[in-house]
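What follows is a short report on a single structure.
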């Protein structure tokens, strides 16, 4: 049996212990890489929107983007943030099928964000700032939302 198991729908955080891989498996670091869509895709974000976001502003394709600090601040200001809220708030209007595979200490998960922002989220998870909530149904390691991990105050 594996030393750890992450069940779909379970909230996970990797700030403390490093899991050991199952017997016979070697850990592999998979860089955040777009699986579908991405910069090479010539399709507009939505039909008729081109490089503009849904609200007329420049979206992800138009050069407007968020920083890791902005993502962290936004996530820390709320108890839970669904992935669609991150897309809406930061106008990350990539392709409808943009999914990025990200290696976390608990295994490979899939983020429904463009590659750059997925790497930001992966870094925040590795640093212990945020945790991930995985999909309940179907049972896949797809991230549905993120939540802040509040550090314990020392007394």
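Residue numbers (our numbering): 2 to 156. Idealized CB from N, CA, C, for every residue including glycine.
Can we say the stretch 74–84 touches the stretch 123–143, given the rule of at least three CB pairs closer than 8 Å?
yes
Which term fits residue 139, buried or exposed, when burial requires 16 or more other beta carbons within 10 angstroms of its beta carbon?
exposed
Could you round the C-beta distance between residue 114 and residue 101 to whole angstroms and report it? I think they count as a contact, below 8 Å.
6 Å
Just the Cα atoms here: how many angstroms apart are residue 147 and residue 95?
19 Å
By DSSP, does residue 134 sit in helix, in strand, or in coil?
strand
Exposed or buried, which one is residue 99 when buried takes at least 16 other CB atoms within 10 Å?
buried
For residue 149, tell me which candidate among 118, 69 and 73 has the shortest Cα-Cα distance.
73
Coil, strand or helix - residue 128 by DSSP
coil
Helix, strand or coil for residue 107 per DSSP?
coil
Among the candidates 116, 137, 103 and 143, whose CA atom is the shortest distance from the CA of residue 67?
116
In whole angstroms, what is the alpha-carbon distance linking residue 97 and residue 151?
32 Å
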